[in-house]
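First residue of the sequence shown: 4, per my numbering; consecutive thereafter.
Notes follow once the structure below has been shown.
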Amino acid sequence: MSGFQAPRGMRDLFGADAAAVAAVERAAYAAAEAAGYQRIISPIAEESALFERGIGGSTDVVAKELYRLTPHAEDSTTLALRPEATAGILRAYIQHGMRSAPQPVRLVTVAPFFRHDRPQKGRYRQFTQFNVEAIGDAGPGIDVEVIELGASFLNQLGLTGVEVHFNSVGCSDCRPAYAAALRAHFAPIEGELGEVDRTRLRDNPLRLLDSKDAAVMRRAESAPALPGHLCDACAVHADVVRAGLAVAGVKVIESPRLVRGLDYYNRTAWEYLLPGEEGQQGALGGGGRYDGLAALIGGGPTPAIGFAIGVDRVVHALHDRKIEIRAATQPLTVICGIDEGSIGARIRLASLLRAAGSAARADVTPRKIGKQLEGASRDGAVAVIIVEPDGRYSLRAMIDGKQEEPTDEASVLRAVAALVKRTERRA
Ligand code: HAM
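This is the structure in structure tokens:
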């Protein structure tokens, strides 16, 4: 019998890969929380109908990629693994009456999502998104805030030169005329379309701009652009956002046919790309305004905007550019020992050091002391403490080999704190 493997498109991350994902996650929370966004932790599954109604039945995400769970006999609803965060977060906003909090409600989550897509580098069936939503404000100012937050996050990681590919996808007032213009544009190739794209031509022609079919993509290059069809209110909104982004130092590339892969967007829509990258598959992230989504899923009118940045893609981009993302790790102390009788004392000391705010681990293996010291050095320890068989301590500074012999636990803690300071001054 062959052994079990991780499911296709779902990866085990460990070692440097896991550390990189964790470091990007920490940086993401730090950036968003510093800007006033609060964490939301929501379920990884929701009722399938939430995604079908919210994201749109003719999107690839729902029509092809949704993981539907077989319901238990006693359950009447079908759940699906979440393919994205926005619909579930807005459901939570409505369910918990967050409308009565000061608006906008700013929320952030970094979490796993699931899409049954064909796996390749940067496209997985389980992937992690850094997701930010600002819910409850219709003005263009919040658009500038959210777009700038994602761009500066990427720039600060070292992915400099990030470009915001920007468009306005209009609103329910101006989109029908645009949809009609698109229908007319694609009508001549209707015979070449597959069943799915033919349905899109009839029901939701904007989706054709997002098609992966070669003939449709070719035709899309000459399709009418959105900005020419915007109503005055949408055009003014987009101009204020553009002007704000320019002053905020965000590099904007006009992308008049950008519609994104989800149906809920209106007005502002954008993607983050590195210079030279193209298309949705190359995007590090994307987002948009979704003022109509709340009404689709049973809430009152609620303007909102947000983005998601793909953490796996960010990690690949950092790796490809040889940019090291280092978590700000604390200086480590390793507590070693010679005889089994000191195991408890080693663990206790490590625990005391951690409680005092240092990073510390006890070496409790039956290895010889030389091997324990090698291990400490490999882990980059700044200090090694040996608990001698008679209970005395010897503390060695790894930076210069200096030794001292603190007499009790309190003096060990003081000595380690002083050593950490000395090492930091040198670094
Ligand atoms: P999205 O464009 O579908 O938007 O996904 C955002 C980002 O998630 C992508 O640009 C990509 O970096 C990453 N991503 C998506 N699918 C995969 C995959 N299969 N493998 C690896 N990474 C992937 C949304 O999900 C919207 N909910 C964003 C949003 C938030 N709009 C408003 N608020």
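Beta carbons are placed, not taken as given, at the ideal position from N, Cα and C, and that holds for glycine.
Considering only their Cβ atoms, is the gap separating residue j from residue i smaller than 7 Å?
i      : j      : result
Leu110 : Glu136 : yes
Asp213 : Gly264 : yes
Ala48  : Leu69  : no
Pro107 : Ile58  : no
Val262 : Val385 : no
Ala23  : Val314 : no
Leu299 : Leu93  : no
Tyr275 : Gly288 : yes
Ser258 : Asn170 : yes
His232 : Ala180 : yes
Glu151 : Val253 : yes
Arg270 : Cys234 : no
Val113 : Glu28  : yes
Ile312 : Glu166 : no
Pro278 : Gly164 : yes
Pro306 : Ala38  : no
Arg71  : Ser45  : no
Gly302 : Ile97  : yes
Phe117 : Gln132 : no
Gly290 : Phe310 : yes
Ser61  : Arg222 : no
His188 : Ala226 : yes
Ala362 : Gln406 : no
Pro409 : Ala421 : no
Ala228 : Arg260 : yes
Regarding residue i and the ligand HAM, is the C-beta to nearest heavy atom distance less than 6 Å?
i      : result
Phe310 : yes
Gln132 : yes
Gly288 : yes
Glu87  : yes
Tyr32  : no
Arg381 : no
Asp120 : yes
Asp63  : no
Arg316 : yes
Tyr127 : yes
Gly313 : yes
Gly252 : no
Gly264 : yes
State the beta-bridge partners of residue i as determined by DSSP.
i      : result
Ala25  : DSSP lists no partner for Ala25.
Cys237 : DSSP output for Cys237 lists no bridge partner at all.
Ile312 : Phe133, Gly288
His188 : None; His188 has no bridge partner.
Ser361 : Beta-bridge pairing links Ser361 to no other residue.
Leu84  : Ala48
Arg126 : Gln123
Arg118 : Answer is none; Arg118 lacks a bridge partner.
Asn170 : Ala272
Arg399 : Val387, Gln406
Arg245 : Partner(s): none; Arg245 has no beta bridge.
Glu257 : Phe169
Query raised in the report: Should the segment 153 to 172 be called in touch with the segment 22 to 41, which here means at least 3 C-beta pairs below 8 Å?
Result: The segment 153 to 172 makes contact with the segment 22 to 41, as at least three CB pairs between them are under 8 Å.
Query raised in the report: With contact counted as at least three CB pairs below 8 Å, one residue from each stretch, are the segment 347 to 354 and the segment 184 to 199 in contact?
Result: By the Cβ rule, the segment 347 to 354 does not count as touching the segment 184 to 199, because fewer than three pairs are nearer than 8 Å.
Query - Segment contact flag, the segment 396 to 404 with the segment 417 to 430, C-beta cutoff 8 Å, min 3 pairs - result: Yes: at least three Cβ pairs fall under 8 Å.
**Report entry** Touch test, the segment 200 to 214 against the segment 242 to 256, Cβ-Cβ under 8 Å, three pairs minimum
**Finding:** Too few Cβ pairs lie closer than 8 Å, so no.
Report task. State whether the segment 320 to 328 contacts the segment 368 to 382, with contact taken as three or more CB pairs (one from each stretch) at a distance under 8 Å. Result -> Touching, no, given that fewer than three Cβ pairs across the two stretches are closer than 8 Å.
Query raised in the report: For the 8 Å Cβ check, are there 3 or more pairs between the segment 334 to 346 and the segment 386 to 394?
Result: Flag = yes, the segment 334 to 346 and the segment 386 to 394 touch.
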